[in-house]
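This report refers to the structure that appears directly beneath it.
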Amino acid sequence: MIDWAVFARARGELGAGFVRILGYFREDGVKSVAAIEAAMRAQNAAALVIPAHTLKGEARQFGAEPLGELAEKIEIVARDCVESHDTPDQAMADVAALRGLFGRTLAILEAEANPVVPRRQGFGRRIG
């Protein structure tokens, strides 16, 4: 679920600010998911675009590629629907899957970022 090379690069580039930025990802992600769900309930394709785009970029910053791909898929459907003046019905299943994927992804990222939790074997260390 996580591209650990991208995660490690982000961690290295962000340094001491990494945990704080991950906290922003949590806050922004919760808001984006809620906004996407609300827009879907309202059948408002235009309102799907920005939160899906935001979630896509932030997820990819941390190497959360499946989450980024799902958000991008929702964004593309929404943009197409805006252009065609259609409702985003075809994004329903993706929107329904989004909250669960976000939660699972966030749990993995936060566990890896927590300095008290033991790291995955081999991540960031030489084995043997």
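My numbering puts the first residue of the sequence shown at 555, with every later residue one more than the last.
Just so you know, even glycine gets a beta-carbon here, dropped at the ideal spot from N, CA and C.
A quick note: this is a predicted structure, and the numbers were derived from the prediction, not measured.
Per DSSP, what kind of secondary structure is HIS607 in: helix, strand or coil?
-> Taking the first residue of the sequence shown as 1, we reach residue 607 at position 53. In the structure shown, HIS607 sits in a helix (DSSP, three-state: H, G or I).
Can you tell which of ALA613, ARG580 and ILE604 has the C-alpha that lies nearest to the C-alpha of ILE630?
-> Stepping through the sequence shown from its first residue, residue 630 is reached at position 76. Closest option to ILE630, judged by alpha-carbon separation, among ALA613, ARG580 and ILE604: ILE604.
How far does the alpha helix (DSSP H) with PRO620 in it reach, from first residue to last?
-> Here residue 620 is taken as the residue at index 66 of the sequence shown, counted from 1. 619 to 638 is the extent of the alpha helix (DSSP H) around PRO620.
Near THR608, which residues of its chain fall below 7 Å by C-beta distance, leaving aside the five closest residues on each side in sequence?
-> As a position in the sequence shown, residue 608 is number 54, starting the count at 1. So the qualifying residues of the chain are ASP582 and SER586.
Apart from the five residues just before and just after LEU660, which ones in its own chain have a Cβ nearer than 7 Å to its Cβ?
-> Stepping through the sequence shown from its first residue, residue 660 is reached at position 106. The answer, listed in chain order, is ARG580 and GLY583.
Selected residue, minimal CA-CA separation from PRO642, among GLN615, GLY654, MET555 and ILE628 = By 1-based counting over the sequence shown, the position of residue 642 is 88. Nearest of GLN615, GLY654, MET555 and ILE628 to PRO642, Cα basis: ILE628.
Contacts around ALA645, its chain only, beta-carbon distance under 6 Å, and the 5 residues preceding and following it disregarded = For the purposes of this step, residue 645 is taken as the residue at position 91 of the sequence shown. The residues are ILE628 and VAL631.
Alpha-carbon to alpha-carbon, LEU568 and ALA650 | Locating residue 650 in the sequence shown gives position 96, counting from the first residue. Locating residue 568 in the sequence shown gives position 14, counting from the first residue. Take the alpha-carbon of ALA650 and the one of LEU568: they are about 32 Å apart.
Below 9 Å between beta carbons: does that hold for GLY617 and ILE575?
-> On the sequence shown, position 63 is the one that residue 617 refers to. On the sequence shown, position 21 is the one that residue 575 refers to. No.
Residue closest to ASN598, alpha-carbon to alpha-carbon, out of ASP640, ALA665 and ILE662 | For the purposes of this step, residue 598 is identified with residue 44 of the sequence shown, where counting begins at 1. When only C-alpha atoms are compared, the closest one is ASP640.
Around the Cβ of ARG595, are there at least 16 other Cβ atoms within 10 angstroms (buried) or fewer (exposed)?
-> By 1-based counting over the sequence shown, the position of residue 595 is 41. By the neighbour-count rule (16 or more Cβ atoms within 10 Å), ARG595 is not buried but exposed.
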